[in-house]
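In our numbering, the protein residues as written are 360 to 889. Glycine included, each C-beta is placed from N, C-alpha and C at the ideal position. These notes are about the structure you will find just below.
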């Protein structure tokens, strides 16, 4: 009799996969404090802040350098940190990992930075990971809005925010699941940059050479050129959804907003993928009625009372006399994680579903582990910003929940977003998509042979009463701008209308964006195809 591999045995432990992908948090930022040295189970290792006794250097030209020449990670002071939003674009990530900024890129916004995009002339391998403070100071110095200028030439109290990390008691839901089930402490995002390219790698194994969100440089974000180029290059790539459709593997994307970011990133080529409902009502209804697909991808809320855990932009009302702070995206995300987990655990799918909780990218948040180089054979011709896709992005949290994952499971092996495609293709005997996912490691062997019967009950996070209206006057962050442009582009293409960016001219706030996206809703339901 042929012996069944550990991977295949592990993959047989679940029939359904639910993925909740949140936004812009590094591993150390949310899970670095998960275990102290004393708490790490015998015979296991944990690569969190328990293994980091260092401090990051403060540039000598920065305020308060004399008193604070270096800063160690420390406990987050509230659920907004780091605030303001750190740099997440490719050129900022280079500064963070190599501690270098091209002279022409000092006090300059990411959109206006020039080549070689903060790559040092001699590239150290591994990167030292000691430039987060320098890059954060540069990010704050480039803010030019009325409130943003308050952060120019920052002192210690401002720039130290980048070193704030959350204790387990602050992120109790995520931390409890990470300890009660499995945490991966070497899971890296696929690209050292932003949301769109990393979310594309999750489902397509490529971003077709794109490195940043499809917003044109120089601040003219309403221009369609970058979005048109994204559509031309990325939308023609095959995705995991295509493989599933061809092999009759049921799948759905659950959303709360009036749009699907997954559709904007990869453009579905078949219908009936998106299931919408406020507060995940569509997902919960499918659980109750036995309609959960084999693969369910859950998007957080990106606009209004956004529970994506994306750090807040500078203009949200946290300065001087702007009134009390709101609840903080990290706390809102905790509630979302709790809601997904609790709904699943109270359903008929509890024992045969793998729940994955992860993040698309690190979002500029501090992390101390250097991302690895990829094999030379996987490097590509220079793409956007000259990047050859020859190294991974920074670590992100990865927590898996399953009846076949014992308490205190810690996975130290390196993985990346393409490992998800690899494992799903193995699970359902699908053809791989690209060399990246075909050569990525599978996580099929991490599951136990023994089924557990105990599942932790977690207290519901307490959220102050607010609504989307409380966010209506907030300015748009770069992700929200890219969503607006992408949705507008699809809507006009589906109407066979020439793209008219002038229709976006008067949209400056989150409330205006939500209203405009609602008006486009009926034109976002049909795929463009290729």
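Neighbour-count burial assignment, residue i, 16 or more Cβ in a 10 Å radius
i           : result
residue 682 : Model confidence at residue 682 stands at a pLDDT of 42, short of 50, so the residue's coordinates are unreliable; what they give is reported in the following sentence. Flag for residue 682 reads exposed.
residue 465 : exposed
residue 914 : Given a span of 360 to 889 for the chain in the structure shown, any question on residue 914 remains unanswerable.
residue 534 : buried
residue 723 : buried
residue 612 : buried
residue 556 : buried
residue 548 : buried
residue 508 : exposed
residue 778 : buried
Integer-rounded CB distance, given that residue j should sit under 8 Å from residue i
i           : j           : result
residue 514 : residue 434 : Incorrect: roughly 20 Å between the Cβ atoms, too far for contact.
residue 721 : residue 652 : About 29 Å; that fails the 8 Å criterion.
residue 726 : residue 753 : 5 Å
residue 539 : residue 766 : 5 Å
residue 834 : residue 672 : 6 Å
residue 838 : residue 554 : 6 Å
residue 372 : residue 801 : 14 Å between Cβ atoms; not a contact.
DSSP-derived helix/strand/coil call for residue i
i           : result
residue 648 : helix
residue 862 : helix
residue 735 : helix
residue 375 : strand
residue 704 : helix
residue 435 : coil
residue 425 : coil
residue 462 : helix
residue 586 : helix
residue 311 : The displayed coordinates of the chain run from 360 to 889. Any statement about residue 311 would go beyond what the structure contains.
residue 430 : strand
residue 680 : Bear in mind that a pLDDT of 41 at residue 680, under 50, signals an unreliable position, so the number given afterwards is only what the model happens to contain. Coil, per DSSP.
residue 728 : coil
residue 656 : strand
residue 478 : coil
residue 889 : Residue placement at residue 889 is poorly supported in this model, since its pLDDT is 39, which falls under 50; the coordinates still yield a value, given next. Three-state result, residue 889: coil.
residue 661 : coil
residue 384 : coil
residue 393 : coil
Residue closest to residue i, alpha-carbon to alpha-carbon, out of the options
i           : options               : result
residue 379 : 592, 692, 604 and 800 : 692
residue 793 : 739, 810, 811 and 414 : 739
residue 562 : 512, 537, 654 and 644 : 654
residue 532 : 569, 647, 639 and 393 : 393
residue 756 : 705, 748, 774 and 449 : 774
residue 786 : 599, 647, 687 and 819 : 599
residue 381 : 733, 844, 770 and 719 : 719
residue 815 : 764, 376 and 823      : 764
residue 342 : 594, 729 and 469      : Any property of residue 342 remains undetermined from this structure, which presents the chain solely from 360 to 889.
residue 796 : 737, 811 and 470      : 737
residue 544 : 406, 564 and 438      : 406
residue 517 : 529, 573 and 417      : 417
residue 848 : 630, 748, 866 and 589 : 589
Test: residue i CB closer than 8 Å to a CB of chain D
i           : result
residue 558 : No chain D is present in this structure, which holds just one protein chain.
Could you name each continuous alpha helix (DSSP H) segment of 4 residues or more that falls completely within the segment 481 to 527, going from the start of the chain to the end?
Annotation note: the segment 481 to 527 contains the following uninterrupted alpha helix (DSSP H) runs of length 4 or greater, listed N- to C-terminal: 491 to 500 and 515 to 518.
Ignoring anything shorter than 3 residues, give me the beta strand (DSSP E) runs that lie fully in the segment 595 to 644, in order along the chain.
610 to 614 and 633 to 635
Residue ranges of each beta strand (DSSP E) within the segment 752 to 838, 3 or longer
757 to 760 and 768 to 770
List, from N- to C-terminal side, the alpha helix (DSSP H) runs of 4 residues or more that fit wholly inside the segment 530 to 578.
531 to 539 and 554 to 563
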